[in-house]
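Peer 1: What follows is a structure written as structure tokens; I'll ask about it next.
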Amino acid sequence: MSWGRRPKSLTHIATETRRGFLGLMAGAGVLAVARPALALSTDGARTLIQHAVADVYSVINSGLPAPQMYARFTDIFVRYADVPVIARSCLGPAARQAQPAALTNYTNAFTGYIGRKYGKRFHDFVGGRIDVGQAAPVKSFVAVQSTAYLNGQEPIAVEWHVSDKSGQVRFFNLIVEGVNMISTERAEIAALLGRHKGDINALASDLARAS
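Just so we're aligned, residue 8 is where the sequence shown starts under my numbering, counting upward by one.
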């Protein structure tokens, strides 16, 4: 598996299923931030990602009604991702000026929004798999390699960045085929925030209603 493989552009990812996977990964990643040295082991990071992938496919194959599946995916996001860091990264500079209550309101709405938005794409994943590969320390975090195999598609390389800065082992970033996929979600959040002239509570209301 190549760690440095990069697509020429996202437009080369040709099918809806493939785009759905990349979009799903965008809901979970964040921009890399400076983090102190940590005691997290490579085995611990790899185990986190193995459990996350297993839980995702357990829901995919559960046959539950869609609303229940979305709720389960939201739970998985909360369980394995550093949600506060992800939410703040997607909000961008506005997070630094936000009042604590508004930031909490936004984070809660963002969490449900991610679960619903990307949960809808999981029906394309039935019959596929994600193989978790090697893990290695990189600067102040651990990078875990994986490969997604979707029916009729070329394999997709996914690199998970894992830290224990929050006090628990969580992933805080995803690199999909060399692309940091947070940019798409961050751009959408920025557009919504601009529409509301910087009102984070109004942004949170939009996210809470979004399907």
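Cβ atoms here follow ideal geometry from the backbone N, Cα and C, with glycine treated the same way.
Only a predicted model underlies this, so the values are computations on that prediction, with no experimental measurement involved.
Would you decide whether Tyr113 is buried or exposed? Buried here means 16 or more other CB atoms lie within 10 Å of its CB.
Peer 2: Buried: at least 16 other Cβ atoms inside 10 Å.
Peer 1: Could you tell me if Asn158 is buried or exposed, where buried requires 16 or more neighbouring beta carbons within 10 angstroms of its beta carbon?
Peer 2: Flag for Asn158 reads exposed.
Peer 1: Using the DSSP secondary-structure output, state which residues sit across from Thr5 in a beta bridge.
Peer 2: Residue 5 falls outside the range modelled here, since the chain spans only 8 to 218, and no answer is possible.
Peer 1: Would Ser153 and Val165 be called neighbours here (beta carbons separated by less than 8 Å)?
Peer 2: Closer than 8 Å, so yes.
Peer 1: Below 6 Å CB to CB, which residues in the same chain sit around Ala52 once its five sequence neighbours on both sides are set aside?
Peer 2: So the qualifying residues of the chain are Ala142, Val149, Val151, Val169.
Peer 1: Alpha carbon to alpha carbon, how far is Ser188 from Ile196?
Peer 2: Contrary to the premise, residue 188 reads as Met rather than Ser in this sequence. So the two alpha carbons sit approximately 14 Å from each other.
Peer 1: Considering only residues of the same chain and omitting the five flanking positions on each side of Ile56, which have a CB-CB separation below 6 Å?
Peer 2: The answer, listed in chain order, is Val139, Val151, Trp167.
Peer 1: Does the beta-carbon distance from Arg193 to Asp89 come in below 8 Å?
Peer 2: Result no, Cβ atoms of Arg193 and Asp89 do not sit closer than 8 Å.
Peer 1: Less than 8 Å between the C-beta atoms of Gly185 and Tyr156, yes or no?
Peer 2: It is not a contact, given that the beta carbons lie outside the stated cut-off.
Peer 1: Excluding sequence positions up to five away, which residues of its chain have a Cβ less than 6 Å from the Cβ of Ile207?
Peer 2: Excluding sequence neighbours, Ile207 sits near Ala105, Ala109, Tyr113.
Peer 1: What residue does the beta strand (DSSP E) around Arg128 start on, and which one ends it?
Peer 2: Unbroken run through Arg128: none, as it is neither H nor E.
Peer 1: Along the chain, where does the beta strand (DSSP E) containing Asn180 start, and where does it finish?
Peer 2: 177-183 is the span of the beta strand (DSSP E), which, as asked, contains Asn180.
Peer 1: Alpha carbons only, please: which of Leu47, Lys204, Phe179, Ala101 is nearest the one belonging to Ile93?
Peer 2: Comparing Cα positions, the closest option is Phe179.
Peer 1: Take the Cβ of Trp10 as the centre, count every other Cβ of all protein chains shown within 10 Å, and call the residue buried at 16 or more, exposed below.
Peer 2: Here Trp10 scores only 42 on pLDDT, less than 50, and its place in the model is too uncertain to base an answer on.
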